[in-house]
Amino acid sequence: MTQAVGMQAAAIASLPPLGSLPLARGTADRGSTFRITPDLFDQLWDQPETRILHLARRRSPFRNGRLVLSPVAEVERPENPVYLGSTVETTADMPAGTHIVLVEHEDVQPALAADEDWIGLRDAASDLPAQESGLFVEAVAISNWHATHTHCPRCGQPTEPIDGGWVRRCPADESLHYPRTDPAIIVTVTDEEDRLLLGSSAAWPQNRFSTLAGFVEPGESLEAAVVREVEEESGIVVHSPTYLGSQPWPFPASLMLGFTAKAAHARPVPDGVEIRDVRWFSREELFAGLKEERLSVASGASIARALIEHWYGGPLEEEPSAGRP
Ligand SMILES: [Zn+2]
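So the sequence shown is residues 1 to 325, counted in UniProt numbering.
Quick look at the structure:
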C-alpha cells in the first residue's frame with residue numbers, strides 16, 4: 001500500500017453527509033502504474049499469493065457471508081483476465097497487498113463446493129465486508145464495460161484488452177478506448193414545510209415511490225441536470241442544488257450523484273410518461289404509509305434509500321422524532 005492510497009482511503013471514509021454507501025466502500029489499491037506491466041499476468045500467475053475473483057453471469061461465488069477468492073494455482077489462466085488491484089486490509093485468510101484478478105466464466109458457471117453459492121451484487125453489496133464489496137463492484141463494472149465495448153467505434157474492428165484489462169486497443173488504427181461510466185443525478189426535493197417530493201415511475205408497482213433521478217446529458221453540469229430532470233419529471237422548478245454523496249451503480253454503468261434541492265413552488269405535475277404520480281410527503285405521512293404497507297420505497301443498497309433517510313433524519317423503520325431537522 002502506498003501512503004497516497006492510505007490517505008485516499010482515510011479521506012473517503014470521512015466523507016459526509018450521506019456517509020458510507022453500500023456500493024461505495026471500495027478500498028483496493030487499483031495499482032494504475034503496476035497494471036500496465038507488460039508481463040503482468042505472467043507475474044501474477046507465478047505468485048502463489050494471487051487470488052482470483054470469479055464472475056459468471058455477473059454473479060460471484062459466496063460462502064458464509066464472504067466472497068470466495070480462489071488461490072491462483074487452482075484457476076486456469078483465461079484469455080482476458082482483468083487486474084482489480086491489491087488489498088489494503090489484512091483479513092484472517094489474506095494479508096494486505098494481495099493481488100486480486102478477475103476471471104470471467106462466459107458461458108458456464110463452474111461447479112462450486114457444497115457450502116458455496118452464486119450471488120449477485122445487489123443481494124450481496126450491503127452485507128459483504130467493505131474490501132470485498134468494493135472488489136465485487138469494480139469487477140461487475142469493468143466486466144459490463146468489456147461486454148458492451150468489443151469493437152472500435154472509429155473503424156468497427158474488434159478491439160483487444162491491454163494494460164491489465166483497463167484499456168482496449170484497436171489493432172487496425174491503434175486507437176485506445178477507456179472504460180466509460182454514465183453519470184446520473186438523483187435528488188431529494190423539499191418544499192417550505194420541509195416535505196419531500198417523491199415520484200412513482202410508470203414502470204413500477206402503483207404504490208412504489210422514490211426520489212427523482214436521470215442521466216446527465218452531454219455538455220451539461222450536474223447542477224443543470226438536477227434542475228432539468230426535476231422540472232421534466234415533476235413540473236417543479238428547483239434552486240440551490242447541493243451535493244450530498246455518490247455511489248457506483250454498475251447496472252450496467254451508472255455513477256449515481258446524490259443531491260438535495262429546494263422547490264420554488266409546491267404544485268407538482270407528473271410528466272405522465274416516465275412518472276405516473278408525484279407527491280409531497282411529510283415525515284409522518286411517509287412513516288405511516290410504509291408501516292401500513294400502502295407505500296414502498298427503494299431498498300437498502302440504493303443511494304435513493306440513503307437520500308430519503310438523510311432527509312428523514314434516521315432509519316425509515318423508526319418513528320420520526322420531533323427533534324429531527
Ligand atoms: Zn479502429
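The beta carbon of each residue, even a glycine, is placed where N, CA and C say it ideally should be.
No experiment lies behind these values; they were computed from the predicted model shown.
{"Query": "Ala-261, enclosing beta strand (DSSP E) - first and last residue", "Result": "254-263"}
{"Query": "Contact between the stretch 257-266 and the stretch 240-248 (3+ Cβ pairs under 8 Å)", "Result": "yes"}
{"Query": "Backbone CA spacing between Arg-30 and Gly-258 [nearest angstrom]", "Result": "25 Å"}
{"Query": "Rounded separation between Gly-294 and Ala-266 - CA only", "Result": "Going by the sequence as given, residue 294 is Arg instead of Gly. Their Cα atoms are separated by approximately 23 Å."}
{"Query": "Distance between Ile-308 and Met-1 (C-alpha atoms, nearest Å)", "Result": "Below a pLDDT of 50, predicted positions are generally treated as unreliable, and Met-1, at 42, falls in that range; no measurement from the model is reported."}
{"Query": "First and last residue of the uninterrupted beta strand (DSSP E) at Gln-247", "Result": "238-249"}
{"Query": "Quiz: which residues have CB nearer than 5 Å to ligand 1 non-hydrogen atoms", "Result": "Cys-152, Arg-154, Cys-155, Gln-157, Cys-170, Ala-172, Asp-173"}
{"Query": "Buried versus exposed call for Arg-148 [16 or more other C-beta atoms within 10 Å across all chains shown]", "Result": "In the sequence as presented, Arg is not what sits at residue 148; that position holds Thr. Its Cβ having fewer than 16 others within 10 Å, Thr-148 is exposed."}
{"Query": "Simplified DSSP assignment, three categories, for Gly-199", "Result": "strand"}
{"Query": "Counted within 10 angstroms of its Cβ, other Cβ atoms place Val-269 as buried (16 or more) or exposed", "Result": "exposed"}
{"Query": "CA-to-CA distance, Leu-135 to Pro-179, given in whole angstroms", "Result": "16 Å"}
{"Query": "C-alpha gap between Ile-100 and Val-237, whole angstroms", "Result": "47 Å"}
{"Query": "Secondary structure of Val-108, DSSP reduced to three states", "Result": "coil"}
{"Query": "Span separating the alpha-carbon of Ser-302 from that of Glu-274", "Result": "19 Å"}
{"Query": "DSSP bridge partner residues for His-177 (one or two, in chain order)", "Result": "Arg-168"}
{"Query": "Supposed close pair Leu-102, Ile-142 - CB separation, criterion 8 Å", "Result": "7 Å"}
{"Query": "Straight-line Cα distance separating Leu-84 from Leu-121", "Result": "16 Å"}
{"Query": "Sub-8 Å separation of Pro-22 and Ser-126 beta-carbons", "Result": "yes"}
{"Query": "Three-state secondary structure assigned by DSSP to Thr-2", "Result": "Residue placement at Thr-2 is flagged as unreliable, the pLDDT there being 49, under the threshold of 50; the coordinate-derived value follows with that caveat. In the structure shown, Thr-2 sits in coil (DSSP, three-state: anything other than H, G, I, E or B)."}
{"Query": "Inter-residue spacing [alpha-carbon to alpha-carbon] between Ser-201 and Val-137", "Result": "26 Å"}
{"Query": "Paired residues, beta bridge with Arg-279 - DSSP", "Result": "Leu-198"}
{"Query": "Bridge partner(s) assigned by DSSP for Phe-41", "Result": "None; Phe-41 has no bridge partner."}
{"Query": "Counted within 10 angstroms of its Cβ, other Cβ atoms place Arg-57 as buried (16 or more) or exposed", "Result": "exposed"}
{"Query": "Cβ-based burial, residue 335 [other Cβ within 10 Å; buried from 16]", "Result": "This structure does not reach residue 335, given that the chain is present from 1 up to 325, and the question cannot be answered."}
{"Query": "For Val-187, the first and last residue of its enclosing beta strand (DSSP E)", "Result": "182-190"}
{"Query": "Rounded separation between Ala-306 and Gly-219 - CA only", "Result": "28 Å"}
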